[in-house]
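Here the structure comes first, spelled out in structure tokens, and everything after it is commentary.
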Amino acid sequence: MATLPPTTSSSQQPLNPEDEDDILDEYDQYSLAHPYIVGGGRKGRTKREAAANTNRPSPGGHERKLLTKFQNSERKKAWR
Numbered sequence: 001m002a003t004l005p006p007t008t009s010s011s012q013q014p015l016n017p018e019d020e021d022d023i024l025d026e027y028d029q030y031s032l033a034h035p036y037i038v039g040g041g042r043k044g045r046t047k048r049e050a051a052a053n054t055n056r057p058s059p060g061g062h063e064r065k066l067l068t069k070f071q072n073s074e075r076k077k078a079w080r
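Residue numbers (UniProt numbering): 1 to 80.
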């Protein structure tokens, strides 16, 4: 089994923020400034659960909206 030589990190000084800008290119700076969101943004659900519980547009149009408008207008007529 091969062993690695000991590192001498004490001789290297930490970089200043100005020095880091010189080392990093524009893509590195972008990836540090805009981290990736882990999990795909699925609200903690699997694809199967999301597909089962998703509101899909109705091919017939706005039936629910029309139904609620009709019910509300009938309710108003009953109050008069």
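Note that beta-carbon positions come from the ideal geometry of N, C-alpha and C, so glycine has one too.
Handout entry: C-alpha distance - A33 paired with K47, whole-angstrom precision
Key = CA-CA distance, A33 to K47, rounds to 29 Å.
Problem - R64 and N53 closer than 9 Å at C-beta - result: No, the Cβ-Cβ distance between R64 and N53 is not below 9 Å.
Handout entry: Alpha carbon of Q71 to alpha carbon of Q29, nearest angstrom
Key = Taking the straight line from one Cα to the other gives about 57 Å.
Exercise for the section: Using a threshold of 9 Å, state whether the C-beta atoms of K43 and A51 are closer than that. Expected result: In this structure, A51 does not lie closer than 9 Å to K43 by Cβ.
Practice task
Classify T54 as helix, strand or coil using the three-state DSSP reduction.
Solution key: Looking at T54 - three-state DSSP - the assignment turns out to be coil, as it is neither helix nor strand.
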